[in-house]
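Novice: Let me begin by handing over the structure; questions about it come next.
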Amino acid sequence: DQQVKQNSPSLSVQEGRISILNCDYTNSMFDYFLWYKKYPAEGPTFLISISSIKDKNEDGRFTVFLNKSAKHLSLHIVPSQPGDSAVYFCAASEYNFNKFYFGSGTKLNVKP
Amino acid sequence: DTGVSQDPRHKITKRGQNVTFRCDPISEHNRLYWYRQTLGQGPEFLTYFQNEAQLEKSRLLSDRFSAERPKGSFSTLEIQRTEQGDSAMYLCASHFVGGPSTDTQYFGPGTRLTVL
Chain A
1 DQQVKQNSPS LSVQEGRISI LNCDYTNSMF DYFLWYKKYP AEGPTFLISI SSIKDKNEDG
61 RFTVFLNKSA KHLSLHIVPS QPGDSAVYFC AASEYNFNKF YFGSGTKLNV KP
Chain B
1001 DTGVSQDPRH KITKRGQNVT FRCDPISEHN RLYWYRQTLG QGPEFLTYFQ NEAQLEKSRL
1061 LSDRFSAERP KGSFSTLEIQ RTEQGDSAMY LCASHFVGGP STDTQYFGPG TRLTVL
């Protein structure tokens, strides 16, 4: 049972434009959401997080939006840069952080 | 560098052999997690420790898998009688939970296991 889903395996965006990565979840008990970025042969690197009491969190070029009623979150990258090309994973946890559930990832390619 | 470290980075073994991986978490983190990642998938939870106590194990963690965190610091993950299906990236992550601010979960670089 996949509780966190990323339905787009890949996304291609022109440099300077906005990248929007989407993630859906099924468990209404999830309380904390994260985005990770992963380069080949490396572990995932934490990017940005949001708790369920918020609907938006911003950090520089990265903004995460949470729509609890739709059980949907998205990551916006503006402006996109070629160095952003990587696989992006969304993850979710209940309030106790006992387990983190990950989506299958979206491979972002930012073209120069 | 005070991040999460894992050793070895790569391990090639023959089917039926035992392997052991080590994870050194960020020193002040009280939680340590093990995940497995296969090609095209996200990390899958295997188990986690709160200090030295192993508090939860996934159904993915068969009897051939055992994990320890003897002093609440580093952790080891052992796979006995390896099978080809065990080939994957094994990721360790650490996290501080508790107090007025909870840090996030940070990953190590992973150990890539190939079972021939």
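From first to last, the protein sequence lines stand for chains A and B.
For reference, each letter of the first sequence is one residue, going 1 to 112 in my numbering.
For reference, each letter of the second sequence is one residue, going 1001 to 1116 in my numbering.
Just so you know, even glycine gets a beta-carbon here, dropped at the ideal spot from N, CA and C.
Jot down the residue ranges of each uninterrupted beta strand (DSSP E) in the region 1002 to 1085 of chain B, minimum 3 residues, whole runs only, in chain order.
Specialist: 1005 to 1007, 1010 to 1013, 1019 to 1024, 1031 to 1037, 1044 to 1050, 1053 to 1057, 1065 to 1068 and 1075 to 1079
Novice: Applying the criterion that 16 or more other CB atoms from any shown protein chain within 10 Å of the CB defines a buried residue, is A/G16 buried or exposed?
Specialist: As a position in the first sequence, residue 16 of chain A is number 16, starting the count at 1. Answer is exposed; the Cβ neighbour count stays below 16.
Novice: Report yes or no: is there a C-beta of chain B within less than 9 Å of the C-beta of A/S49?
Specialist: Counting from 1 along the first sequence, the entry for residue 49 of chain A is found at position 49. It does; some Cβ of chain B falls within 9 Å.
Novice: Apart from the five residues just before and just after B/T1104, which ones in its own chain have a Cβ nearer than 8 Å to its Cβ?
Specialist: Start at 1 with the first residue of the second sequence, and residue 1104 of chain B comes out as number 104. Counting only Cβ-Cβ distances below 8 Å, and skipping sequence neighbours, we find H1095.
Novice: Output yes if chain A places a C-beta closer than 9 Å to the C-beta of B/F1074; else output no.
Specialist: By one-based count along the second sequence, residue 1074 of chain B stands at place 74. Not one chain A Cβ lies under 9 Å of B/F1074.
Novice: Straight-line CA distance for A/Q3 to A/D31?
Specialist: Walking along the first sequence from the start, residue 3 of chain A turns up at place 3. Walking along the first sequence from the start, residue 31 of chain A turns up at place 31. Each residue's Cα considered, the two are about 13 Å apart.
Novice: Using the beta-carbon of each residue, which ones in chain A are nearer than 7 Å to B/E1028?
Specialist: Taking the first residue of the second sequence as 1, we reach residue 1028 of chain B at position 28. None at all; the shortest Cβ gap to chain A is about 16 Å.
Novice: Counting only Cβ pairs nearer than 7 Å, list the residues of chain B close to A/F33.
Specialist: Counting from one through the first sequence, the residue named residue 33 of chain A turns up at place 33. What A/F33 touches in chain B: nothing, since even the nearest Cβ is about 11 Å away.
Novice: Three or more C-beta pairs closer than 8 Å, one from the region 1055 to 1071 of chain B and one from the region 101 to 108 of chain A: is that the case here?
Specialist: no
Novice: In angstroms with no decimal places, state the Cα-to-Cα distance between A/F33 and A/S52.
Specialist: To locate residue 33 of chain A, count along the first sequence from 1; it is residue 33. To locate residue 52 of chain A, count along the first sequence from 1; it is residue 52. Those two C-alpha atoms are separated by around 8 Å.
Novice: Could you spell out the range, first to last residue, of the beta strand (DSSP E) harbouring A/D59?
Specialist: To locate residue 59 of chain A, count along the first sequence from 1; it is residue 59. Counting along the chain, the beta strand (DSSP E) containing A/D59 begins and ends at K56 to D59.
Novice: Going straight from the alpha carbon of B/Y1048 to that of A/L75, what length do you get?
Specialist: One-based indexing of the second sequence puts residue 1048 of chain B at position 48. One-based indexing of the first sequence puts residue 75 of chain A at position 75. In a straight line, the C-alpha of B/Y1048 is about 27 Å away from that of A/L75.
Novice: Please report the Cβ distance between B/R1036 and B/A1093, rounded to the nearest whole angstrom; I am assuming they are in contact, meaning their Cβ atoms lie under 8 Å.
Specialist: In the second sequence, the residue the question calls residue 1036 of chain B occupies position 36. In the second sequence, the residue the question calls residue 1093 of chain B occupies position 93. Between B/A1093 and B/R1036 the Cβ distance is about 12 Å, and since that is not below 8 Å, they are no contact.
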